[in-house]
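Single-structure report; data block below.
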Amino acid sequence: MLTARNLTKNYSNLPILKGVDITVGKGEIVTIVGSSGAGKSTLLHILGTLDTPSSGEIFLNDVNLADLKGDSLADFRNRHIGFIFQFHHLLPEFSALENVCIPGYIAGTKKSEVKEKALFLLETLGLQHRLDNKPNQLSGGEQQRVAVARALINNPDVVMADEPTGNLDSKNAYELHHLFLELRDKLKQTFIIVTHNEELAPMSDRQLVMKDGRII
Ligand code: ADP
Ligand code: ADP
Numbered sequence: 080m081l082t083a084r085n086l087t088k089n090y091s092n093l094p095i096l097k098g099v100d101i102t103v104g105k106g107e108i109v110t111i112v113g114s115s116g117a118g119k120s121t122l123l124h125i126l127g128t129l130d131t132p133s134s135g136e137i138f139l140n141d142v143n144l145a146d147l148k149g150d151s152l153a154d155f156r157n158r159h160i161g162f163i164f165q166f167h168h169l170l171p172e173f174s175a176l177e178n179v180c181i182p183g184y185i186a187g188t189k190k191s192e193v194k195e196k197a198l199f200l201l202e203t204l205g206l207q208h209r210l211d212n213k214p215n216q217l218s219g220g221e222q223q224r225v226a227v228a229r230a231l232i233n234n235p236d237v238v239m240a241d242e243p244t245g246n247l248d249s250k251n252a253y254e255l256h257h258l259f260l261e262l263r264d265k266l267k268q269t270f271i272i273v274t275h276n277e278e279l280a281p282m283s284d285r286q287l288v289m290k291d292g293r294i295i
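Set out below in structure tokens:
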């Protein structure tokens, strides 16, 4: 599904990634751990097309990400890659249901189809009673589950999650991580998750340890 070869990244001539190879299969959950500054976020941003490598190549299915530019890159990202961050970044003036639907509308999918999928996802995530609530009316765990539904609305090939449980207490963190496992099992959803949570990181198909710009 996703193959990256010999990725490097320099920031003002300082090497941050020093030759990273990574292959992730469909329906796999890969966690990335390592001390702060190891390059985890940089790697995730590059795999998610939010940043470009200094050298190396990335294929998502048969698409060479280097071939995508401008609007076609933004469109590809919206359709094929889901993102979950430490802070949910939901739009405060829209309801849970609307927040989940928006990336579907942007992708140009039929409105009725988007809504049906959003309702399915919100129900799967246990939020069927929260559809009309605005983000500030939801608990932290609920907000993060809405962000998960939003990440999944366009049936992405892969979901990139950067410290998704970092702002949750341990019970909510455990529950959210379990939802990732359930979505893998039910929908064959692929996840790449950067986490500092030492209890949850091993609950995955593979755990990669990064140190000083390399996967060790
Ligand atoms: P991690 O996610 O493992 O904590 P990061 O990928 O955030 O690591 O950062 C790796 C290193 O790259 C750190 O030393 C950080 O300061 C540096 N870095 C990250 N982004 C930038 C940037 N935009 N410009 C310069 N240095 C950066
Ligand atoms: P994390 O908590 O994942 O390690 P950081 O706090 O290192 O993230 O980075 C937060 C943001 O700041 C990221 O977008 C990263 O690219 C940017 N950043 C980190 N270090 C630097 C730096 N030395 N110079 C410029 N930008 C940086």
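Using the working numbering, the letters of the sequence shown map in sequence onto residues 80 to 295. The C-beta atom is built at its ideal place from N, Cα and C for all residues, glycine as well. Note that the coordinates shown come from a computational prediction; the quantities given were computed from them, not determined experimentally.
Asked                                                                                                                                  : Found
Helix, strand or coil, according to DSSP, for A186 in the structure here?                                                              : coil
Cβ of A362 versus every heavy atom of ligand 1: is any distance shorter than 7 Å?                                                      : Shown here, the chain extends from 80 to 295; a query on residue 362 therefore has no answer.
What residue from P281, R229, A228 has the CA that sits closest to Y253's CA?                                                          : P281
Do the CB positions of I160 and V237 come within less than 8 Å of each other?                                                          : yes
Taking V112 as the reference, which of L279, R293, H275, I295 has the closest Cα?                                                      : H275
Apart from the five residues on each side of it in sequence, which residues of its chain come closer than 7 Å, Cβ to Cβ, to H256?      : T244, L279, M282
In chain order, which continuous runs of the alpha helix (DSSP H) of length 4 or greater are located wholly inside the region 166-250? : 175-185, 190-203, 219-231
Straight-line CA distance for N251 to R285?                                                                                            : 22 Å
Apart from the five residues on each side of it in sequence, which residues of its chain come closer than 7 Å, Cβ to Cβ, to I185?      : N157
Would you report the Cα separation of N140 and M239, rounded to the nearest angstrom?                                                  : 16 Å
Would you check whether ligand 1 has a heavy atom nearer than 7 Å to the C-beta of I232?                                               : no
Are G219 and N246 closer than 8 Å when you measure CB to CB?                                                                           : yes
Could you check whether S120 and V227 sit closer than 8 Å to each other, using their CB atoms as the reference points?                 : no
Shortest alpha-carbon distance to T128 belongs to which of G106, S115, S114, S151?                                                     : S151
Just checking my contact of G292 with K148 at CB under 8 Å: how many whole Å lie between their CB atoms?                               : Contact doesn't hold; Cβ gap of about 26 Å is too wide.
Of the choices L81, T102, S115, whose alpha-carbon is the least far from that of I95?                                                  : S115
Mind reading off the beta-carbon distance from N85 to S133? Whole number of angstroms is fine, and I expect it under 8 Å.              : Actually they do not touch by this definition, with Cβ atoms about 11 Å apart.
Can you give the beta carbon distance from E221 to R209, rounded, assuming they're within the 8 Å contact cut?                         : 6 Å
First and last residue of the alpha helix (DSSP H) that includes I295?                                                                 : Careful: I295 lies outside any alpha helix (DSSP H) and carries neither H nor E.
Quick check on T102: does DSSP put it in helix, strand or coil?                                                                        : strand
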